[in-house]
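Just so you know, numbering that gives the first Met the number 0 puts 229 at position 230 of the sequence shown, and the rest follows in order with no gaps.
Where a beta carbon is used, it is the ideal one built from N, C-alpha and C, also for glycine.
A quick note: this is a predicted structure, and the numbers were derived from the prediction, not measured.
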Amino acid sequence: MLYLYLKSHLCVLGWIWTRECQKEIEKEKQEYYRKESTLQKDLEGKYRDIITENRRAVAHLEVELEKERNRTLSYREALVSQSRKLVEERKLLELEQEKLEQEKQVLLRSGAEGAFMIPFLILLVLEGIPLLHLEFAIGQRLRKGSVGVWSSIHPTLKGVGIASMFVSFLVGLYYNTIIAWVMWYFFNSFQEPLPWNNCPLNDNRTDYLEECAKSSPVDYFWYRETLNISTSIEDSGSIQWWLLLCLTCAWGVLYVCTIRGIETTGKAVYVTSTLPYVVLTIFLIRGLTLKGSTNGIVYLFTPNVSELANPVTWLDAGAQVFYSFSLAFGGLISFSSYNSVHNNCEKDAVIVSVINGFTSIYAATVIYSIIGFRATARYDDCFDKNILTLMNAFDLPEGNVTQDNFEQMQQLCNNTDPATFASLKFETCDLETFLNDGAEGTGLAFIVFTEAITKMPVSPLWSILFFIMLFCLGLSSMFGNMEGVLVPLQDLKIISPRVPKELITGLVCLVCYLIAFIFVLNSGNYWLSLFDSFAGSIPLLIIAFCEMFSVVYIYGIDRFNKDIEFMIGHKPNIFWQVTWRLISPLIMLVIFFFYFVVKVNQELLYSVWDPSYEGFPKTEKVEYPPWVYAIIVILAGVPSLTIPTFAIYKAIRNHCQKKNDRAGLIATSETSINGNLKHLS
0 MLYLYLKSHL CVLGWIWTRE CQKEIEKEKQ EYYRKESTLQ KDLEGKYRDI ITENRRAVAH
60 LEVELEKERN RTLSYREALV SQSRKLVEER KLLELEQEKL EQEKQVLLRS GAEGAFMIPF
120 LILLVLEGIP LLHLEFAIGQ RLRKGSVGVW SSIHPTLKGV GIASMFVSFL VGLYYNTIIA
180 WVMWYFFNSF QEPLPWNNCP LNDNRTDYLE ECAKSSPVDY FWYRETLNIS TSIEDSGSIQ
240 WWLLLCLTCA WGVLYVCTIR GIETTGKAVY VTSTLPYVVL TIFLIRGLTL KGSTNGIVYL
300 FTPNVSELAN PVTWLDAGAQ VFYSFSLAFG GLISFSSYNS VHNNCEKDAV IVSVINGFTS
360 IYAATVIYSI IGFRATARYD DCFDKNILTL MNAFDLPEGN VTQDNFEQMQ QLCNNTDPAT
420 FASLKFETCD LETFLNDGAE GTGLAFIVFT EAITKMPVSP LWSILFFIML FCLGLSSMFG
480 NMEGVLVPLQ DLKIISPRVP KELITGLVCL VCYLIAFIFV LNSGNYWLSL FDSFAGSIPL
540 LIIAFCEMFS VVYIYGIDRF NKDIEFMIGH KPNIFWQVTW RLISPLIMLV IFFFYFVVKV
600 NQELLYSVWD PSYEGFPKTE KVEYPPWVYA IIVILAGVPS LTIPTFAIYK AIRNHCQKKN
660 DRAGLIATSE TSINGNLKHL S
C-alpha cells in the first residue's frame, strides 16, 4: 500500500516536474526563437543595408556605363552620319591644303604644269584609291587606331602604327607653324595699302631699303619682315616674338578644336572644310575677270610630254597623292574606326576620290588663273621697261612704241644708230618663263599669291579672304595629324585611361608647341624646309607599302575580302583585287627605287636668302653642313626603322618566351620525377 502510495506520489511529482521542465524548455525555446528572430531581423537589416548599398552602387555604375555608352555613341555618331563623315574625311580638299601649306610646290614646278596632272591622275586611280579603301575598311572592321589595328593583325606589325604616329607628330610640328605664318599675314591684311605692296624707306627717308629695292616688296616682307631670315641654317639667331605670338595662337586654337577628340573635331570641320570651297569659288570668279588669267589656265592644261619621261615628275605626283588623301598618316584609320560596322566604306572611298580629283582640277584652275594674271602683269611690266629704254635712248614720242611693233622699232633703231642700240640692255620678256617661274617652297602662298593680290582692286579684302581660306585648310589638316597622334597613344596605353582626354590633348599640344620654337628662329624657314623634305616623304611611302603588304599577305586577302563582304554585303571587285595584290605595291616599290636613285645622285642643297649673293634676288643654293645629315637620318630614318625594329623585337621576345615555356615544362617534369624517386628511397 505504502509502495503504491509512494509510487503514485512519485508519479505526480514526476509529472509535475516534467510539466515544469516542459515549461522551462518551452520558455527557453521561445527565448531561443525570440533571439533567433531578433538576430535574423538584425542580420536582415544589416544585409538589407548592404544589399541596398550594393544595389545603389550597381545602379550608379549602370548610369555611368550608360553615360559612357551614350558618350561613345556620340563619338561614333560624329562620323557615322554620311554628311559629317564625308566632310571629315574630305581632307581631300587638301589638294590646296597640301599645295599651299605642305608647300610641295606641286604645280609650280618648271615644265611640270600639264604633264604633272597626267601622272597625278594615273597614280590617284592605281595607288591612292586602293590604299584609301584599304585604310577605311581595316579601320572600320577592327575599330581601333593605327597602332591597335596593326597590332591586331599581327603583334610584329605594331611598328607600322607607331611609324604613322611619328610621321603625324613630325609633320604636325611644322604644319602649325605655317598656320602661324598665315595668321601673321592675316593680321597684316587690315591695311590699305597692304604692307607688302611697297618697299619701306631707308633711315634717311631718301630712298627705298636696298634689300627691298633689289628684290621686291613681297619678297622683302616675307623674308625680312616676317621671317627675318638668316643667311645659313647654322646661324640660328633669336626667337622672333611676333611669330611666337602667332604660334601660340595657332596651337591654342588647335587645342580648343581638338580638346575632346572627334567630338569637337567633327563639329569644327564643318567650317574648316567647307569655307575654303566658297573662297576658292570667289577667287575663280574674280580670277577669270583678270587680264591674262586664261594664259595660266591654258598653260596648266597644255601637257609637256617630255616631262613624263622625268622620274622626278612621277615622284612628285606620287608624293602628292599621299598628301592629298592623307594616306599612311594613321588619321584616316582612326576616323574610320568611328563608322558603323556596316557602313559602305567602298562607296566612301570612291566618293572621296572623286571629290579629291575634282578638287585637284578645280583648285589648280583657280591657282593658275591667278598665276596667269601675275605672269601677264610681269610680262607687261617687262615690256614697258624695254619700251621706256628704247624711247629714252632714241627720243621717240610717247605712244609710238607698243608691244605689237616693238621688234620692228628695234630693227629700225638698230639700222638708224647701231652703236647706241648695241649699248642698250633689254630684259628678256617671255610669258612662258613668267608662268613657269614659281617661287619655291612656301613661296606659292606667301610670295606668288600675295604679289597677285596687290595687283587686284580692293586688295585687302582679297588678302583677308585668301588667308582665311589657308587658315581653315591648315586647321582641317591638323585635325587629322592630332588624331594620328592621340589615338595611338591611347592604343599603346602609355597614358592611364583615367587621365582626362582634355589633359592628354593639352600635353601633346604643349610638347609640340615647345619643340616648334625652332621654327620661329631666324633660321626657322630652313628648319621647316628640312622637316618638309624628309619627315613626310620616304617614311610615308614605306608605311603605305607595309600597310598594303600586311593586309594582303599577312592578314590574308581572302580574310580581308570576307570582312568587306560582311560589312558592305559583297566582295571587292576585280579592280580592288588586282590593285591590292599587284599594281599598287609594285608602283610604290618603283617610286621608292627611283626616289633612292635620284636622292643618292643629288647633292643635298637648300635655298638661302642672302642679300650679299651676287645672283640676288635669286636664292642661293648651298650644301647642308655635315651635322644636318644626322638630323635627316632622324627625320626620315626613325619612323621608317620603327617598323623592322618592333618586328625584330617582337620576334625575339616570342622566341624567348617559347623557349622559357619549354624550359618551364621540362623543369616541372624533372621535379616531379625526382620527387617520386626521393619518396621511394
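Extent of the continuous beta strand (DSSP E) run through V621:
V621 -> beta strand (DSSP E) spans E619 to E622.
Can you round the beta-carbon distance between F372 and G483 to whole angstroms, since I take them to be within the 8 Å contact cut?
The Cβ separation is near 38 Å, so there is no contact.
Would F548 and P571 be called neighbours here (beta carbons separated by less than 9 Å)?
No, Cβ-Cβ distance for F548 and P571 is not below 9 Å.
E65: buried (16+ other C-beta within 10 angstroms of its C-beta) or exposed?
Its pLDDT being 47, under 50, E65 is placed unreliably in this model, and the coordinates cannot settle the point.
Nearest-angstrom beta carbon gap, L169 and F530 [assumed within contact, 8 Å]
Contact flag correct, Cβ pair sits at about 6 Å.
Limits of the unbroken beta strand (DSSP E) element including L604:
Here the beta strand (DSSP E) through L604 covers L604 to V607.
If we count the other Cβ atoms within 10 Å of its Cβ and call it buried at 16 or more, is E426 buried or exposed?
Result: exposed.
At least 3 beta-carbon pairs within less than 8 Å: the region 230-249 vs the region 322-334:
No: the two stretches stay apart, fewer than three of their Cβ pairs being nearer than 8 Å.
Who pairs with L200 in a beta bridge, going by DSSP?
Partner(s): Y207.
Quick check: the Cα distance between F465 and M481, rounded to an integer number of angstroms?
In a straight line, the C-alpha of F465 is about 24 Å away from that of M481.
C-beta contact flag for I556 and V550 at 9 Å
It is a contact, given that the beta carbons lie within the stated cut-off.
I need the boundaries of the alpha helix (DSSP H) containing Q139, first residue and last residue.
Q139 -> alpha helix (DSSP H) spans I128 to L141.
According to the Cβ coordinates, are Y682 and Y594 closer than 9 Å?
Nothing in the structure corresponds to residue 682, since the chain is present only between 0 and 680.
Note down the Cα distance separating V166 from P638, rounded to an integer number of angstroms.
Within the model, the alpha-carbon separation for V166 versus P638 is close to 7 Å.
Distance between F518 and L141 (C-alpha atoms, nearest Å)
If I take the Cα positions, the gap works out to 38 Å.
Looking at I369 and A451, is the spacing between their C-beta atoms short of 9 Å?
Against a cut-off of 9 Å, the Cβ pair of I369 and A451 comes out as a contact.
Classify L509: buried if its beta carbon has 16 or more other beta carbons within 10 angstroms, exposed otherwise.
Exposed, by the Cβ-count rule.
For N343, which of helix, strand or coil comes out of DSSP?
It is coil, neither helix nor strand.
Could you pull out every residue in the same chain whose Cβ sits closer than 6 Å to the Cβ of F470, ignoring the five residues on either side in sequence?
So the list reads V181, once near-sequence residues are dropped.
Can you tell me the Cα-Cα spacing of L94 and N175, whole angstroms?
Note on L94: pLDDT 34, under 50, position unreliable in the model; the coordinate value appears next. Whole-angstrom Cα-Cα distance: 17 Å.
To which residues of the same chain is L131 closer than 8 Å at the C-beta, ignoring the five residues directly before and after it?
Setting aside the 5 residues that flank it on each side, L131 is surrounded in the same chain by F324, L326, L331, A348, V351 and S352, each with a C-beta closer than 8 Å to its C-beta; the list follows chain order.
Is DSSP giving H153 helix, strand or coil here?
For H153, the three-state secondary structure derived from DSSP is coil.
Among I582, Y554 and S522, which residue has its Cα nearest to the Cα of N227?
Scanning I582, Y554 and S522 for the CA closest to the CA of N227 turns up S522.
Buried/exposed call for I553, threshold 16 Cβ in 10 Å
With fewer than 16 other Cβ atoms within 10 Å, it is exposed.
Considering Cα atoms alone, identify which of D383, I563, G158 and I586 is closest to L123.
Of the listed residues, the one whose Cα sits closest to L123 is I586.
Can we say the region 155-165 touches the region 404-418, given the rule of at least three CB pairs closer than 8 Å?
Under the Cβ criterion (8 Å, minimum of three pairs), the region 155-165 does not count as touching the region 404-418.
Among the candidates R580, W626 and S231, whose CA atom is the shortest distance from the CA of N560?
Ranking the options by Cα distance to N560, first place goes to R580.
Kindly indicate which three-state DSSP category N659 falls into: helix, strand or coil?
Assignment of N659 by DSSP, reduced to helix, strand and coil, places it in the helix class.
Which value, in whole angstroms, describes the spacing of the CA atoms of S292 and T364?
One C-alpha to the other measures close to 10 Å.
What's the C-alpha gap between V589 and A318?
Answer to the nearest angstrom: the Cα atoms are 13 Å apart.
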